[in-house]
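Residue numbers (the UniProt record's numbering): 1 to 203.
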């Protein structure tokens, strides 16, 4: 990862990082709204993308989300740390957050990104184009080949599930589960690391 990028992340305060995240999601929401006006014939057409009483939200969205996190954790254990080096942005975002705050962040990102990328873009432009745009929007992963491949594969998988279920609620829940569980992992991994360091210092 580029050292200048890492230094920039370290210099950003938690408040500034949260503001940047909120602003980014607001921009995505505005883009969804504006583009959606031109691509959908009516609000009813957009609303039909959501099927809330669909049991697949749980057993596909939830289960696949958990499996993705387990696979990710496995790779984190066996691969060199550099493979998952995003400059420390994700760790900084989640390490000092409460469980409720992590859930809020995960829900906000899942809703905003899935509405734009799967609901608006994939519905009208297809899986491949949308997956490429999704990966490029997560620009910080462009500095790390493994993370870029990882986010591209994840986008294709989420897009494939949306294509098969035709239910945006499934992919929103799946996206939420992935971000929420990985956010929890970063939070508790950081705290365990601090405890170990304190133990070494005290000894």
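Think of the CB as a built atom: it goes at the ideal place given N, C-alpha and C, for glycine as much as any other residue. Please read these numbers as outputs of a predicted model, since none were measured by experiment.
Residue i in three-state terms, based on DSSP
i, result
"residue 167", "coil"
"residue 144", "coil"
"residue 40", "coil"
"residue 183", "helix"
"residue 96", "coil"
"residue 50", "coil"
"residue 159", "helix"
"residue 72", "helix"
"residue 45", "helix"
"residue 79", "coil"
"residue 27", "helix"
"residue 14", "helix"
"residue 178", "helix"
"residue 102", "helix"
Where the alpha helix (DSSP H) through residue i begins and ends
i, result
"residue 62", "Residue 62 -> no alpha helix (DSSP H), and no H or E assigned at all."
Spatially closest choice to residue i from the options, by CA coordinates
i, options, result
"residue 89", "179, 17, 167", "17"
"residue 12", "42, 59, 30, 87", "87"
"residue 159", "176, 137, 114", "114"
"residue 152", "141, 162, 6", "141"
"residue 174", "184, 85, 161, 186", "161"
(request) For the segment 104-141, list the alpha helix (DSSP H) runs that are entirely contained and at least 4 residues long, ordered along the chain. (result) 127-137
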